[in-house]
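**Student:** My questions will all concern the structure given below.
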């Protein structure tokens, strides 16, 4: 199973706009350098540095489906770090994968929340169930780039 990194997003502060970057430095068990969760100031940072708060991913195919339902939000508005293409993220729960050359592990689905509805001023939680992406743990330090491959591993 293989896909690509379509785009990369980070936010400096909780609830601040996410902005797109061409590459990002990932730190093992911590997150994306410069992102709100890496800095411990994300909305859910009080939960501590739990592995499922290292990085989040969402499929561009699901974002496109939301647009067809009238939810015209840019990919960064979904508050996920990595936008993927050509891969089914739900199948990565409990699996190890390469994000570019960085080893990661899928922890759980990244279901929508009321905080996301509040920030986007939409009622997207119901339509995003099981389509909101993946929460993953970063298992090794490394740098990722837009266009890098995402490869499922059997470990």
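Residue numbers (the numbering used here): 1 to 155.
Beta carbons: idealized from backbone N, C-alpha and C, even for Gly.
1. Anyone know if the C-beta pair for residue 62 and residue 132 falls short of 9 Å?
2. Can you give me the C-alpha to C-alpha distance between residue 52 and residue 94, rounded to a whole angstrom?
3. Measuring alpha carbon to alpha carbon, tell me which of 21, 72, 73, 79 ends up nearest residue 58.
4. How is residue 144 classed by DSSP in three states: helix, strand or coil?
5. So, residue 138 versus residue 5, is the Cβ gap smaller than 9 Å?
6. Inspect the beta-carbon positions of residue 143 and residue 81 and report whether they are closer than 9 Å.
7. Which residue comes first and which comes last in the beta strand (DSSP E) that contains residue 37?
**Tutor:** Answer, in terms of the structure:
1. Remark: C-beta atoms of residue 62 and residue 132 approach each other more closely than 9 Å.
2. The straight-line gap separating the alpha-carbon atoms of residue 52 and residue 94 is approximately 11 Å.
3. Its Cα nearest to that of residue 58, the residue 79 stands out among 21, 72, 73, 79.
4. It is a strand residue.
5. No, the Cβ-Cβ distance between residue 138 and residue 5 is not below 9 Å.
6. For residue 143 and residue 81, no; Cβs fall outside 9 Å.
7. Residue 37 -> no beta strand (DSSP E), and no H or E assigned at all.
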